[in-house]
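Below is one structure, written out as structure tokens; the observations come after it.
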Amino acid sequence: KIDLDAIAVIAHYKGNSDIIMDEQMPIFGGYAGGVEETAIVDVATHLNSMVMSSASWHLDGPVHIRWGSTNTRETLMIAGWT
Numbered sequence: 009k010i011d012l013d014a015i016a017v018i019a020h021y022k023g024n025s026d027i028i029m030d031e032q033m034p035i036f037g038g039y040a041g042g043v044e045e046t047a048i049v050d051v052a053t054h055l056n057s058m059v060m061s062s063a064s065w066h067l068d069g070p071v072h073i074r075w076g077s078t079n080t081r082e083t084l085m086i087a088g089w090t
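Once you know that position 2 of the sequence shown is 10 in this note's numbering, the rest is easy, because the numbers rise by one and skip nothing.
Spelled out as structure tokens, the structure:
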């Protein structure tokens, strides 16, 4: 989710030629659902970081809703697909 204040901050950073790091981590087992759906959300968050934020680099990785971990079998499968 991005609002006008965040866009103003991004414009300020881009005006100063700053490096922008964007971190978005989709939640497996949350609103996205299963492995396939979370993989789609993961790709969408990556595209959002490049298009909306003009990020210099993007840190992502799905998080398991129950275990709060990025290295469960399901989250590693999602990371491998994306």
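The C-beta atom is built at its ideal place from N, Cα and C for all residues, glycine as well.
Whole-number beta carbon distance between residue j and residue i, since they are thought to touch under 8 Å
{"i": "Met33", "j": "Gly69", "result": "6 Å"}
{"i": "Thr83", "j": "Val51", "result": "That belief does not hold up - the Cβ atoms of Thr83 and Val51 are roughly 15 Å apart, past 8 Å."}
Residues near residue i by beta carbon distance below 7 Å, same chain, minus five either side
{"i": "Ser61", "result": "Ile18, Ile28, Asp30"}
{"i": "Ser57", "result": "Asp30, Gln32, Ala63, His66"}
{"i": "Gly76", "result": "none"}
{"i": "Ala14", "result": "none"}
{"i": "Ala40", "result": "Pro34, Thr46, Val49"}
For residue i, the residue or residues it bridges with in DSSP
{"i": "Glu31", "result": "Leu67"}
{"i": "His72", "result": "Phe36"}
Check whether residue i and residue j have beta carbons under 8 Å apart
{"i": "Ile86", "j": "Thr53", "result": "no"}
{"i": "Gly38", "j": "Ile10", "result": "no"}
{"i": "Val59", "j": "Phe36", "result": "no"}
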